[in-house]
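Colleague: Counted the way mature numbering (1 follows the signal peptide of the UniProt record, and there is no 0) counts, the sequence shown spans residues -21 to -1, 1 to 165. Virtual Cβ for every residue (Gly too), placed ideally from N, Cα, C. Before anything else, here's the structure in question.
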Amino acid sequence: MVPSWRLALGWLVLHATAVHSFMRRNAPAPNLLDPRTARRPPLLLQLGEPQEEVEPLTYAIVKFCNPRREKGAECVSVRALVDTGSSDCELRERYVSQLKLSPVGTSEYETAAGATVETTYRAEIWYEGRCCMALLTSTPDWRFADGVDEDDEMTDEAILGHDALANMGLIVDCAAQQLLLKPPPR
């Protein structure tokens, strides 16, 4: 004969499993307007054969200025890719020339193709009333031309690296694809 406590425990486990199964089947749909419960489907390149998933990217409208500009001198507002994997910023060559940024040194980068040395410039970067000084490199204009080899092609006018984000007190909300103010320390 099976002890009664074992029967009760078995019934309790069976009941809990049934309730859990029922709840999963009848759970309300996630609120798509609430970023805590919304689930974003992965973006696919095309229908048909399985393709590599494309992650959503975060962009921000950023203003670059020459720190030595005269009063009233213009700045350049561009749509910048937010790249937390990059420490420095990049700006298209035509804007570096337009802002009359002066070289302040060089940076050496290790890439898959080998070491690269690039001229660096210092610029003021503004986002939503926040400002920082940051180093940036210039992206050659030829990389934006039609017919450029896919490995050299560039489509982003600017790249905003993690050093500038940290200096402005910003963090990236990847799910919402936006920049947020960093919360104060506790």
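Opposite Cys44 in the DSSP bridges: which residues?
Modeller: Cys44 pairs with Glu103.
Colleague: Pro164: which of Leu158, Thr134 and Gly148 sits nearest, CA to CA?
Modeller: Minimum Cα distance to Pro164 is reached at Gly148.
Colleague: Whose C-beta lies closer than 8 Å to the C-beta of Leu159 among residues of the same chain, with five residues either side of it excluded?
Modeller: If we look at Leu159 and ignore the five residues flanking it on each side, its Cβ neighbours are Leu149, Ile150, Val151 and Asp152.
Colleague: From which residue to which residue does the beta strand (DSSP E) around Glu69 run?
Modeller: Its beta strand (DSSP E) spans residues Cys68 to Arg71.
Colleague: So is Thr85 buried or exposed if we call it buried at 16+ other beta carbons inside 10 Å?
Modeller: By the neighbour-count rule (16 or more Cβ atoms within 10 Å), Thr85 is not buried but exposed.
Colleague: On the premise that Ile138 lies in contact with Ala59, defined as a C-beta separation below 8 Å, what is that separation, rounded to the nearest angstrom?
Modeller: About 6 Å; that satisfies the 8 Å criterion.
Colleague: Quick check on Ser81: buried or exposed, where buried means 16 or more other Cβ atoms within 10 Å of its Cβ?
Modeller: That one is exposed.
Colleague: In this structure, how does DSSP classify Ser65 when only helix, strand and coil are distinguished?
Modeller: Here Ser65 sits in coil by DSSP.
Colleague: Short of 8 Å in beta carbon distance, which residues of its chain neighbour Leu36, apart from the five on each side in sequence? Order them along the chain.
Modeller: Hits under 8 Å: Leu60, Val61 and Gln156.
Colleague: Considering only the alpha carbon of each residue, which of Glu107, Ala92, Arg71 and Leu114 lies closest to Tyr100?
Modeller: Cα-wise, what sits closest to Tyr100 is Leu114.
Colleague: Starting from residue 166, trace the alpha helix (DSSP H) in both directions and tell me its first and last residue.
Modeller: Since the first residue of the chain shown is -21 and the last is 165, residue 166 is not available in this structure.
Colleague: Tell me which same chain residues have a C-beta within less than 6 Å of the C-beta of Trp105, skipping the five on either side of it?
Modeller: The residues are Lys42.
Colleague: Quick one: give me the first and last residue of the beta strand (DSSP E) that Cys110 is part of.
Modeller: Counting along the chain, the beta strand (DSSP E) containing Cys110 begins and ends at Arg109 to Thr118.
Colleague: Could you check where the beta strand (DSSP E) with Thr85 kicks off and where it finishes?
Modeller: It spans Pro82 to Thr90 - the beta strand (DSSP E) in which Thr85 sits, taken as one unbroken run.
Colleague: Less than 9 Å between the beta carbons of Asp142 and Cys68, yes or no?
Modeller: Yes, Cβ-Cβ distance for Asp142 and Cys68 is below 9 Å.
Colleague: Thinking C-beta only, is Glu97 closer than 9 Å to Ser117?
Modeller: Closer than 9 Å, so yes.
Colleague: Could you give the DSSP three-state label for Gln156: helix, strand or coil?
Modeller: Gln156: coil per DSSP, three-state reduction.
Colleague: Could you check whether Arg48 and Leu70 sit closer than 9 Å to each other, using their CB atoms as the reference points?
Modeller: No, these two residues do not count as a Cβ contact at 9 Å.
Colleague: Quick check on the burial criterion: 16 or more other C-beta atoms within 10 angstroms. Buried or exposed for Ala17?
Modeller: Note that Ala17 scores 49 on pLDDT, short of 50, meaning its location in the model is unreliable and no value can be drawn from it.
Colleague: Closest to Val75 by C-alpha separation, out of Thr134, Asp120, Met112 and Gly140, would be which residue?
Modeller: When only C-alpha atoms are compared, the closest one is Asp120.
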